[in-house]
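So the structure is just underneath, and the comments pick up after that.
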DNA sequence: GGATCATTCAACCAATTGGTTGAAAATCTG
DNA sequence: CAGATTTTCAACCAATTGGTTGAATGATCC
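Chains as they are written, first to last, in this note's numbering: chain W, 1 to 115; chain X, 116 to 230.
Written out as structure tokens, the structure reads:
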């Protein structure tokens, strides 16, 4: 797993905000304009524009200008990369599920008895 | 996919920093102390301590105090949740657009009616 | 008891975030 | 052309981030 750290930073950062996750959800249903993305978020145009820019910098959104409208669409690659990053660790915890669960349980037990 | 938004925020935020992802990687190989996590990151103890706290607030790390050492271990649940969130959108790029749209609709409806 | 080790805490700092407003720049419409 | 629409830009603001230091707390070692 060769991660371009800054790129991964930007993707996870983009996803760390509920408004932006909402935009991703909306975009997953199809292309839409910045205005379309602003409306359900109940925020100023400028704020939505900034969020879109964050998604763009993360490579998750593509923008195509058509007249006065900016039409956004979802670009799947970065999401897939992030998913792969997590998947790597998912493998870890499914491989070591027993050991992990045991460790966590022991921790709790130890905590309960005041250690 | 019923997301507790603030919790998801915290997990993705925790993952948006390369140092913290390094800590997750290290922890995936086994428990270690805060000091163990600080060393490869080449930063002050205090800084590492703050990063661990971020991971803890995201529910990704458990801490057990043993004498003067704080021993950290990985808690898999939040990582799995984040992975599921992404997996949901993975449908988008696995060329089944119609099914994704349907899934989004159902999920959104579920959310609207209060989980 | 005193030194040392592992860790947190508190204060501080610069940079970034997520939002606002008001104005500007294009584009469409009558 | 004048107005309305869509969007960005610039300035500002409060809160948060990621780091630093120096001191405080709590084990452990001799």
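C-beta atoms are modelled at their ideal positions from N, C-alpha and C, and glycine is treated no differently. Here the structure is a predicted model, which means the values were calculated and not measured.
Check	Outcome
Reduced DSSP category for residue 125/X - H, G, I as helix; E, B as strand; rest coil	helix
Spatial distance of residue 110/X from residue 86/W (CA atoms)	Nothing about residue 110/X can be read from this structure; chain X reaches only from 116 to 230.
CB of residue 52/W within 9 Å of CB of residue 10/W, strictly	no
Where the beta strand (DSSP E) containing residue 63/W begins and where it ends	61–66
Chain X contact residues for residue 82/W, given Cβ-Cβ distances below 7 Å	201
Secondary structure of residue 164/X, DSSP reduced to three states	helix
Cut-off 8 Å between Cβ atoms - residues of its own chain near residue 21/W, not counting five sequence neighbours on either side	15
Backbone CA spacing between residue 184/X and residue 173/X [nearest angstrom]	21 Å
Residue 188/X - DSSP class collapsed to helix/strand/coil	strand
CB contact check: residue 31/W to chain X, cutoff 9 Å	no
Min CB distance residue 79/W to chain X below 9 Å	yes
Alpha helix (DSSP H) segment containing residue 144/X, residue limits	Premise fails: residue 144/X is in no alpha helix (DSSP H) and is neither H nor E.
Interface residues of chain W facing residue 130/X [CB-CB closer than 7 Å]	12
Rounded separation between residue 41/W and residue 48/W - CA only	8 Å
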